[in-house]
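Okay, so here's the structure we're looking at.
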Amino acid sequence: MNGVSEESQISAAEDLVNEIGTMEGVSAFVDKRTSGTQVRPIVNLTVPPENWRKVAESMFSDHGIDYCSMITGIHWPESSDKQWEVIYHFLRTGVKNPPIVDGVVEPIITDSSQLQGSDVPLEIQISIPLQETRNPKVASIQDIWVGADWNEKETWDLVGIDFEGHQGMRRVLQPHETPKGYHPLQKQHKLRYHNFEEMYDDVQGFKRKPADSEKVK
Amino acid sequence: MSEDGQNYTMFSSRMLVDTVGDTTDAALEASGLREVIGVLAGRIFNWGQRKSLFPLHLGIKCCALEMAAAGASRFDAERFGVFFRSSPRQCDVLLVNGPITKKFADPIVRLWEQMPEPKWCIAMGECAISGGPYFQSYNVLEGVDTVIPVDIYIPGCPPRPEALIDGFGKLREKIIRIGAVPSHARTDGVAPIIIGDE
Amino acid sequence: MAEMWISMGPQHPMTHGLWTLKVKVDGETVVDTEPDLGYIHRGVEKICEARNFTQITTYCDRLCYASANTWSHAYIYAAEDLLGVEVPERAEYIRLVAVELQRIASHLMWLGAYGPDIGNLTVMVWCLREREMMMDLLQELGGSRMHYNFPRVGGVKRDLPHGFAMRARHKLRLFLDRIQEYEALFDESTIFLIRSQGVGYAKPEEMINHGVSGPNLRAGGVNHDIRTSHPYSVYSELDWAPAVERSSIKGADCYDRYRIRVEEMRQSANLVLQALDKMPGGAETYHEPGDPKILAKAPSRAPEGTSGSHHFEDSRGESMFYLAGGGEGRGKMPYRVSIRSPIFITIPYASKCMIGYKVADIPAIMGSFDPCIGETDR
Amino acid sequence: MASSDWLNIRGWTESIIGWSMDTTHDLLPESVQTEFATIQPALELFFIATIMCTVVFAVMMLTLMVVPYIERKFIGRLMDRIGATTSLRSLWIGEGNATAGDWWNKLPMGLGGPIGFANKKLNQSFGNEHPEETIARVNNRGYHGIWFLFPGFFQALADFMKFATKEHMIPDKADKLVFEVAPVIIISTTIMVFAFVPFGPHIWAANPELSLIFMMAIFGVAPLGVFFAGWASNNKYTLIGGMRSAAQLTAYEIPLLITVLSIAVISGSFNILEIIDFQIETSDTWNIFILPLGAVLFLVTMIAEVERIPFDMPEAEAELVEGWWTEYGGIRWGLMFAGEMMRAYAACILFAMFFLGGWEFPFQDFLSSLPLVGIAFETVFMVIPGLVVVLLKAWILFAFFVWIRASLHRIRTDQILEFGWLYLLPLSIVNLVIATFLRLEVWTDSGWPIWTAPLLTLIAIFFFVIYAIDEDEEALAQSRRPYSTQALSKAYPGNQRKQEVK
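Residue numbers (this note's numbering), protein chains in the order written: chain C, 428 to 644; chain Z, 101 to 298; chain L, 952 to 1329; chain B, 55 to 556.
Next up, the structure:
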């Protein structure tokens, strides 16, 4: 048994939730999910966009969350409470700087099942609902976690959520000459041949109707 | 020495080359040897072109790994004279092995134009033939033949290395039938060959 | 010579795949680099919003084509998290065998591509010869050579075929001896040592902050492996420890990244051998496809508001899927699929690692980070 | 020419030309004969030179076909592959089921008949209907074609035919004149090197007194063409490739010349034929046993001079696409590709000439002096001309080059230059000092004293073994890896890690 033990991970998740839950506007809870034979606690936070920057700085400095995994932007045009949503995923690697022994890095290869307290690795999922419809904005965390830099560029490029304070925002995945306002992952853009009838209608490409079009399919 | 302006040599070598060329032409014509040399040389050059098809070292997506596997030791493509070069100037087959996105459309056309004639294009894998699983995507062209004339289509996602080697075999058959002539001199109407449909 | 920008263009033997690295060069030393991705961006996230949960596995196979199984399993774990499915024990073991075999094949593809980067073609052909052995085993599981579409939400498509365990054990033991050949060609060649030791330093704490993960991170002495830090599947049942490299103070160089991957190949081979021995119900028994022992019943709709995510240890780093439920067809299709590609985050950092080294070092450094552009551009 | 054998092409041509000149002299009318007599020697010399040049060129070009065959097949075997299998057979069988139809009917003057007949006959005996071939194709065995048609041998010919028919493209912003001149420089100088290479005691084109210096001079001109090509094709990669080749070849030209000088010092003359005769007659020991350090140095500098794998920076595929010849295609690139092969071939022949005793069979004297078997060996040595021995040695050496190419990686440019200036240059000077010392002190008129050759080779082997075994015991004890990152690997003389960690 050399994976991280469940109890220590769940207790570490609870401590983190209690600490961060105290910040104003933040609602936090531990979501327990099973993956394979292991219970997997995830720290879930919902943060209003206004004080997201403050929460991010405190997470990095006080709670040692050092690894930004992914940023997702979702466009909820029909949903009632939010128009856009930005979901952050973080990992606490719980890795202290390995000591240097006679000029060589001596990595701490401890058996991960004995890890306790603050150096237990944790998963954190943060969702930020945004209300305004025209141009959604969220504070950028590029300078805290440099790993989030290209994630933010990609989210703006594909979903169109702007990140204030992000230097060098440019199109990363799309061709450079795509028109300004075009962000494909927004729900109003449809895939080609989205509804199959259209594809069948134009199967020979000369707008001819397929032979069995009147028959009830 | 193509333009006159660049021609620094006092003695115009092109004049010498032209005169020598014309006289030998006339002599061969008279002796009927021109026919013999023309036919035999045609066969030898055709054999040469067929037996050494250099594809471009261009890997777009998963079919690139099947291309590498075809070049490796189990399915050895080099048995048939297929030797991967990485500069378009030295290749005569453009093996397109992945989806062509809008961003890669004009670089691939530039690669195609950099290749000297006579050149052929093999569309390997679904993505190169018709956009494959990404035919609905906003960023993928539906097939390479929207930008480049294609000679051989190899279906499969990804096609097995044997299919790729069979594709080169089909290309050799096409070369032996229509000759290793530049594309403008080709008799059109020769439908592209699709592996496995005969 | 005045500084000039060279663009190592989309078609370039150095790039494993299609991307451009613009390099500002002063004479032979690299002054500044700037990656330009997006040449095979095919909008997989947009297409997956119009596909149901089983169809998406085929797209995830084709994300990173060198390790198709690891990516389809990463997606399946996230989908099971979204749909809340309990996977039978035997299916987890079969999945572990498939993923670890794919990790060996992916590392072999990397080693094969790294050889010509430094100038030796024999390594490529040897590694692809071994990779064929692994692909034969995976072909028995999934049916095709490269894209297997093997896992299903709630289990696996088919049980291990008859005689698979015997063939796998034989091939893995042969492979464990063959690794000595690569080490002879790499470690005992002085030229490889001077080309890779002390080249492309990457400091561990910088790497964590830049989001680099997987073998590139463990090469710097950081013991962070998703399989042990966030255990999933049955990795905690087998006894193994993540391979961590003891690098120099200035950080991990190309030689460490090479050593860590050769170590991981040995480790994956041992993991598969252990998994085959410990398989519940024995590796030789065969269950019909769809048997509840290998495939649990799974709901096919995810109501709105539910979400599922899962971190996964891919052969290149930490890959992750986030699925939001409630898409079209009353939830049969996901509302949003978000994919974390480890190489998409590593390439900007790797290109910054090259500053100060020679033009001839660019392929050595870039190759050692094992870029796979399929997953980068999604 | 002390050593000689029956294949005396030069002698024959001289006698034929001399006889024909004299007969023309007699046939001419009296009035012209005197003037003809004055120009007769010059005319004779001209005809002999042209004939001998064509003979040497023909020998070189025909045997050059073997070099790419060795390269493709041997590297294929090292890489567990079959390599090229293009053979003569593919001339008459079509492709799969497509054939070119009866193309011979288009031939005028009834030439078509015999060709068509031959085609049918060959197809029957060695064509597709051949039983083994179809069985081989059925169970997917690697079908190489009929073994005695040399599968793979004609791949180089097929490649060259294809190069000949490719379109010639000049990049529009390229410097056109230099773009055209550069391949001419490279190819012509490479072929001129063979003017001084004697293939046999009587098969050489030119044999000036200082043929060694002539050859080395011409050998060093090609890199100038490489630099021109790199500059002219107006492409960043080729520019860097051209600069690298210029820097690398200056760094290796000097140690090469000093090593060749030490050979001249040992053999006592600058003429290659005399060097070989020195090894065969006067000293009766090959120079490799006298100057082992010189042999190693010559090999290393020659590999760098010819830009093969360990020193392959100018056309390094990995980062420079194709290096200096990226923009060349078609026949110009084909000729430069063949020129590259010729330079490697010339390097192998030179090594055979300087160190392996030219056309002397190994242990020739010892074998023929054996009591019983000696006569048989004697006749064998009489029958085999010197040309065959030289070619065999060159091909075996080229196989050694290919073996190096298959197993070593590519060195970085600055490491190449550092290695050239800091290690090869001093070593070659040391080698020159040894050569002069051996020639002045140890050399007696009757030959080397008995102990010199074995002693020098033993010293060389001793140093080689010490240098080769450089694994680090305590590093091996600690970890399973032959070279542990932390334990300072001594594999490379002044390695970087030692300075950094201090």
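Yeah, the Cβ is synthetic: ideal placement off N, Cα and C, and Gly gets one too. The structure presented is a predicted model; accordingly, all values stated were derived computationally and were not measured.
- Sorting L:Trp1061, L:Pro1285 and L:Tyr1183 by C-alpha distance to the C-alpha of tyrosine 1209 of chain L places L:Trp1061 at the top.
- Inside the stretch 436-510 of chain C, DSSP marks whole beta strand (DSSP E) runs of 3 or more residues at positions 454-462, 465-473 and 494-502, from first to last along the chain.
- The alpha carbon of alanine 1017 of chain L has as its nearest neighbour, out of L:Ile1045, L:Lys1283, L:Gly1162 and L:Ser1266, the alpha carbon of L:Ser1266.
- Cβ proximity to chain Z below 8 Å picks out Arg126, Gly130, Met133, Asp134 and Arg135 from the stretch 112-135 of chain B.
- Contact with chain Z is found for arginine 1082 of chain L, since one of that chain's Cβ atoms lies less than 9 Å from the residue's Cβ.
- When DSSP states are grouped into helix, strand and coil, methionine 297 of chain B belongs to the helix group.
- Around cysteine 162 of chain Z, the same chain offers Pro258 as residues with beta carbons nearer than 6 Å, after the five sequence neighbours per side are excluded.
- In the three-state scheme derived from DSSP, where H, G and I count as helix and E and B as strand, serine 113 of chain Z is classed as helix.
- What arginine 619 of chain C touches in chain Z, judged by beta-carbon distance under 8 Å, is Phe235, Gln236, Ser237 and Tyr238, going in chain order.
- With fewer than 16 other beta carbons inside 10 angstroms of its own, valine 427 of chain B counts as exposed.
- Chain L places no beta carbon closer than 9 Å to that of isoleucine 308 of chain B, leaving this residue out of the contacts.
- If you check the CB distance, alanine 400 of chain B and valine 232 of chain B do not come in under 9 Å.
- The stretch 207-258 of chain Z is shown to contain whole beta strand (DSSP E) runs of 3 or more residues at 220-224 and 252-254, in chain order.
- Distance check between glutamate 98 of chain B and each of B:Thr139, B:Ala448, B:Glu68 and B:Lys175 places B:Glu68 closest, using alpha-carbon atoms only.
- Taking every protein chain shown into account, the CB of valine 238 of chain B has fewer than 16 other CB atoms within 10 angstroms, so this residue is exposed.
- Under a 10 Å Cβ-count criterion, arginine 386 of chain B is classified as buried, with 16 or more other Cβ atoms of the shown protein chains found around its own Cβ.
- In this structure, DSSP gives proline 205 of chain B a state outside helix and strand, which the three-state scheme calls coil.
- Bridge pairing for histidine 1261 of chain L: L:Phe1272 [DSSP].
- For alanine 1234 of chain L, the closest alpha carbon among the candidates L:Glu1043, L:Lys997, L:Tyr1010 and L:Ala953 is that of L:Glu1043.
- Contacts with chain C at 9 Å (Cβ-Cβ) include threonine 201 of chain Z.
- Of all residues in the stretch 490-501 of chain C, the ones placed with a Cβ closer than 9 Å to any Cβ belonging to chain L are Asp493, Tyr494, Cys495, Ser496, Met497, Ile498, Thr499, Gly500 and Ile501, in chain order.
- If the five residues before and after isoleucine 568 of chain C are omitted, its C-beta is found closer than 6 Å to the C-beta atoms of Ala483 and Ala575, all from its own chain and listed in chain order.
- Proline 364 of chain B belongs to the set of residues whose beta carbon lies under 9 Å from a beta carbon in chain L.
- Within the stretch 254-308 of chain B, the complete alpha helix (DSSP H) runs of at least 4 residues fall at 265-273 and 276-286.
- Contact residues of the stretch 137-171 of chain Z toward chain L are Leu156, His157, Leu158, Gly159, Ile160, Lys161, Cys162, Cys163, Ala164, Leu165, Glu166, Ala168, Ala169 and Gly171 (C-beta to C-beta distance below 9 Å).
- Counting the other CB atoms within 10 Å of its CB gives glutamate 505 of chain C a total below 16, which places it among the exposed residues.
- Residue pairing by DSSP places tyrosine 515 of chain C opposite C:Ile498 and C:Ile553 in a beta bridge.
- Taking serine 1147 of chain L as the centre and dropping the five residues before and after it, the same chain places the C-beta of Ile1069, Asp1204, Cys1205, Tyr1206, Tyr1209, Ala1315 and Ser1319 closer than 8 Å to its C-beta, in chain order.
- In the structure shown, the three-state DSSP call for phenylalanine 590 of chain C is strand.
- The alpha-carbon separation between leucine 494 of chain B and glycine 171 of chain Z amounts to approximately 56 Å.
- A Cβ-Cβ separation of about 35 Å leaves glutamate 1000 of chain L out of contact with leucine 1222 of chain L under the 8 Å criterion.
- For the stretch 578-601 of chain C, the residues whose beta carbon sits under 9 Å from a beta carbon of chain Z are, in order, Leu600 and Gln601.
- At least one CB of chain L lies nearer than 9 Å to the CB of phenylalanine 204 of chain Z.
- Interface annotation, leucine 211 of chain Z: in contact with chain L, CB-CB separation under 9 Å.
- Of L:Val1036, L:Pro1285 and L:Leu1079, the smallest CA-CA separation from isoleucine 1130 of chain L is found for L:Leu1079.
- DSSP, reduced to helix, strand and coil, places lysine 564 of chain C within a strand of the structure shown.
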